[in-house]
Amino acid sequence: MSEPKQIVIVGASLAGLQAAQTLRRASFEGSIVLIGDEPHFPYDRPPLSKQFLAGAWEEEKLRLRAAVNPSELGLDWMLGVAATGLDLDLRTVALGDGRTVTYDGLILACGAHARSLADHPPGVFTLRGLDDARALRSALDTGPARVCVIGAGFIGAEVAATARERGLDVTMIEAAAAPLVRVLDAGAGLAIAELHRRHGVDVRLGVGVNEVQAGADGRVERVLLADGSAVEADVVVVGIGVVPNTGWLEGSGVSIDNGVVCDSTCLAAPNVVACGDVARWNNPRYGRLTRVEQWDNAVDQGAYVARRLLEEGGVDPEPFAPVPWFWSDQYDRKIQLAGVTGPNAEVVNGSLDEQRFVQLYADDSGRFVGALAWNRPRQAIQARQLLEQEAGLDEARAALGG
Ligand SMILES: Cc1cc2nc3c(=O)[nH]c(=O)nc-3n(C[C@H](O)[C@H](O)[C@H](O)COP(=O)(O)OP(=O)(O)OC[C@H]3O[C@@H](n4cnc5c(N)ncnc54)[C@H](O)[C@@H]3O)c2cc1C
Numbered sequence: 217m218s219e220p221k222q223i224v225i226v227g228a229s230l231a232g233l234q235a236a237q238t239l240r241r242a243s244f245e246g247s248i249v250l251i252g253d254e255p256h257f258p259y260d261r262p263p264l265s266k267q268f269l270a271g272a273w274e275e276e277k278l279r280l281r282a283a284v285n286p287s288e289l290g291l292d293w294m295l296g297v298a299a300t301g302l303d304l305d306l307r308t309v310a311l312g313d314g315r316t317v318t319y320d321g322l323i324l325a326c327g328a329h330a331r332s333l334a335d336h337p338p339g340v341f342t343l344r345g346l347d348d349a350r351a352l353r354s355a356l357d358t359g360p361a362r363v364c365v366i367g368a369g370f371i372g373a374e375v376a377a378t379a380r381e382r383g384l385d386v387t388m389i390e391a392a393a394a395p396l397v398r399v400l401d402a403g404a405g406l407a408i409a410e411l412h413r414r415h416g417v418d419v420r421l422g423v424g425v426n427e428v429q430a431g432a433d434g435r436v437e438r439v440l441l442a443d444g445s446a447v448e449a450d451v452v453v454v455g456i457g458v459v460p461n462t463g464w465l466e467g468s469g470v471s472i473d474n475g476v477v478c479d480s481t482c483l484a485a486p487n488v489v490a491c492g493d494v495a496r497w498n499n500p501r502y503g504r505l506t507r508v509e510q511w512d513n514a515v516d517q518g519a520y521v522a523r524r525l526l527e528e529g530g531v532d533p534e535p536f537a538p539v540p541w542f543w544s545d546q547y548d549r550k551i552q553l554a555g556v557t558g559p560n561a562e563v564v565n566g567s568l569d570e571q572r573f574v575q576l577y578a579d580d581s582g583r584f585v586g587a588l589a590w591n592r593p594r595q596a597i598q599a600r601q602l603l604e605q606e607a608g609l610d611e612a613r614a615a616l617g618g
């Protein structure tokens with residue numbers, strides 16, 4: 217393809233805005249249409265469960281830097297309107313208000329939404345966007361509230377920590393035997409449980425939720441658990457994972473399977489690329505389809521796909537092969553994961569009990585694949601560099617042990 221004249225980006229958030237910014241930095245002078253179904257200019261999500269929920273930050277501070285002056289990048293902003301369909305042959309995106317936008321290049325950056333309970337009374341919240349965060353913060357402000365968090369993933373655990381630090385009574389319920397088993401190993405997951413218990417959270421593990429019941433006023437009153445116990449609650453936060461926003465692409469010809477399926481260069485269809493939480497691409501570093509729900513990945517992949525689109529038809533693009541990187545702040549702990557976890561975990565610095573440690577992960581063949589660092593930011597960055605250099609386990613032990 218010759219240089220595209222009009223690039224359309226669906227999803228006006230972290231990955232989409234990063235893509236737009238990268239196109240302009242690469243001197244792309246054509247038109248860029250940024251379509252977002254939220255009415256807000258792009259904002260940062262990580263503070264929603266941390267500083268914003270704590271009441272320490274106000275909304276102005278959330279705006280992504282590249283959107284502080286919205287006219288600066290010369291974008292055609294289409295906010296508050298959803299993309300509802302894609303025609304690959306005609307190269308058009310249909311919008312919820314009846315309009316159609318034509319593209320030469322299309323970037324899918326439409327993220328994911330929070331999974332919720334099928335049916336629930338008022339007082340039950342999820343946390344994905346600014347509107348969710350506003351509603352939850354105002355429910356916590358109304359206090360004194362008893363908060364019940366269903367699901368001890370990163371979002372649930374962060375909400376529990378922030379609510380606890382606001383002085384509220386918090387119960388956190390997890391159906392699995394340890395928090396965060398989807399992301400971490402069981403030992404580290406149990407260390408998260410211990411961290412919360414030390415801060416006074418009632419952590420219930422290995423028990424599911426049967427029902428969320430309303431009181432006489434119609435609002436949530438208690439959560440009934442599968443072991444027959446009940447948790448009295450004024451506010452319930454459901455943190456049971458996310459679902460990629462792919463509904464609007466059904467039937468378009470783009471392959472959908474737990475995200476938009478792409479090749480190792482994030483190409484989903486001719487002239488169509490995907491990035492951020494919605495993209496499921498073949499990361500050659502791990503040799504498998506991967507979808508990553510992490511801030512750094514959204515930034516890096518947004519930038520990568522922008523360059524990828526401009527290069528299409530030219531040189532063979534390098535695959536997108538990052539070392540994943542994630543952080544979470546809970547109480548006074550900074551929890552950072554470089555790479556991925558593996559079946560073999562080994563603490564090489566500090567201890568889980570101290571809640572200050574570095575743990576290395578190796579795969580079945582003994583290859584160093586990841587490192588988890590708690591309040592060890594320097595070693596976390598070092599671990600990321602070692603993974604990028606494909607260092608061996610011994611080298612990582614020597615560098616990160618203490
Ligand atoms: C509360 C919270 C805390 C987090 N904390 C951390 C953290 O500590 N560390 C970390 O690494 N990551 C964290 N994350 C994850 C990180 O924020 C995400 O990985 C990142 O936001 C993904 O960016 P994205 O642009 O791919 O998707 P999103 O940010 O989900 O943006 C997608 C946008 O597309 C819009 N959209 C969807 N469908 C359509 C459509 N059909 N038409 C138009 N627009 C559409 C959505 O409404 C949304 O605005 C956190 C996320 C949340 C919610």
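Heads up: the sequence shown begins at 217 in our numbering, then just goes up one per residue.
By construction, the Cβ of each residue, glycine as well, lies at the ideal position given by its N, Cα and C atoms.
Note that the structure is predicted; figures quoted are calculated from it, not measured.
{"Check": "Any non-hydrogen atom of ligand 1 closer than 7 Å to W464 Cβ", "Outcome": "yes"}
{"Check": "Residues near A330 by beta carbon distance below 7 Å, same chain, minus five either side", "Outcome": "T342, L343, R344, V458"}
{"Check": "Separation of R583 from R435, as counted between CA atoms", "Outcome": "52 Å"}
{"Check": "Heavy atom of ligand 1 within 7 Å of D512 beta-carbon", "Outcome": "yes"}
{"Check": "Whether G252 touches I223 by CB criterion (8 Å)", "Outcome": "no"}
{"Check": "Three-pair Cβ contact test at 8 Å for the segment 553-561 versus the segment 273-284", "Outcome": "no"}
{"Check": "Y259, DSSP secondary structure in three states", "Outcome": "strand"}
{"Check": "Of the listed residues G314, G618, C326, nearest to R594 (C-alpha basis)", "Outcome": "G618"}
{"Check": "Three-state class that DSSP yields for L406 in the structure shown", "Outcome": "helix"}
{"Check": "Contact with chain B by I251, beta-carbon distance below 8 Å", "Outcome": "Here chain B cannot be found, since the structure has a single protein chain."}
{"Check": "Those residues which DSSP pairs with L295 across a bridge", "Outcome": "G252"}
{"Check": "Closest Cα partner of G227 within the set A490, S468, R524, Y547", "Outcome": "A490"}
{"Check": "Distance cut-off 7 Å: A589 Cβ against heavy atoms of ligand 1", "Outcome": "no"}
{"Check": "Rounded separation between E448 and V363 - CA only", "Outcome": "8 Å"}
{"Check": "Bridge partner(s) assigned by DSSP for N499", "Outcome": "R504"}
{"Check": "Contact belief for V399 with V428 at Cβ below 8 Å, rounded distance in angstroms", "Outcome": "The Cβ separation is near 25 Å, so there is no contact."}
{"Check": "Cβ-heavy atom distance, D473 to ligand 1, below 7 Å", "Outcome": "no"}
{"Check": "Three-way DSSP call (helix, strand, coil) for F341 in this model", "Outcome": "strand"}
{"Check": "Reduced DSSP category for G555 - H, G, I as helix; E, B as strand; rest coil", "Outcome": "strand"}
{"Check": "Where R504 falls, given that 16 or more other Cβ within 10 Å makes a residue buried", "Outcome": "exposed"}
{"Check": "Beta-carbon proximity of G232 to G518, cut-off 8 Å", "Outcome": "yes"}
{"Check": "Where Q237 falls: helix, strand or coil (DSSP)", "Outcome": "helix"}
{"Check": "E604, enclosing alpha helix (DSSP H) - first and last residue", "Outcome": "593-604"}
{"Check": "Same chain, Cβ closer than 6 Å to V170, neighbours up to 5 away in sequence not counted", "Outcome": "Because the chain is modelled from 217 through 618, residue 170 falls outside the range shown and cannot be assessed."}
{"Check": "Delimiting residues of the beta strand (DSSP E) encompassing S567", "Outcome": "560-567"}
{"Check": "Enclosing alpha helix (DSSP H) for Y577 [first to last residue]", "Outcome": "Note, Y577: premise wrong, no alpha helix (DSSP H); beta strand (DSSP E) at 572-578."}
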